[in-house]
Amino acid sequence: MLSRFTHATDLSDGLYANVDCTTARQRGNVVLEKRSLRQESDGRRRLVSYAPRRRRGVAPSLAGQ
């Protein structure tokens, strides 16, 4: 999801991307991760936020990966 913020009180102006990722661990648990990136003036994207979340009850297709 891309969002452009201007004149926000808590954020610097710019283009932001939120990326949701799922990582399957070897023990069978899954970690959900939300990463937020901001596009800098030179075109590079910089990580500005990272939030891991845990979920129990792994889908069988993900177990052991």
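Start counting the sequence shown at 1; every next residue gets the next number (full-length UniProt numbering). In this text, a Cβ means the ideal position worked out from N, Cα and C, and glycines have one as well.
Could you tell me which residues DSSP puts in a beta bridge with residue i?
{"i": "GLN39", "result": "LEU15 and ARG45"}
Would you kindly work out how many angstroms separate the C-alpha atoms of residue i and residue j, rounded to a whole number?
{"i": "ASP13", "j": "LYS34", "result": "20 angstroms"}
{"i": "ALA17", "j": "ASP42", "result": "16 angstroms"}
{"i": "LEU47", "j": "GLN26", "result": "26 angstroms"}
{"i": "ALA24", "j": "LEU32", "result": "9 angstroms"}
Does DSSP put residue i in a helix, in a strand, or in coil?
{"i": "LYS27", "result": "Reading off the sequence shown, one finds Arg at residue 27, where the question assumed Lys. Looking at ARG27 - three-state DSSP - the assignment turns out to be coil, as it is neither helix nor strand."}
Hey, out of the options, whose CA is closest to residue i's CA?
{"i": "LEU37", "options": "ARG27, TYR50 and GLN26", "result": "TYR50"}
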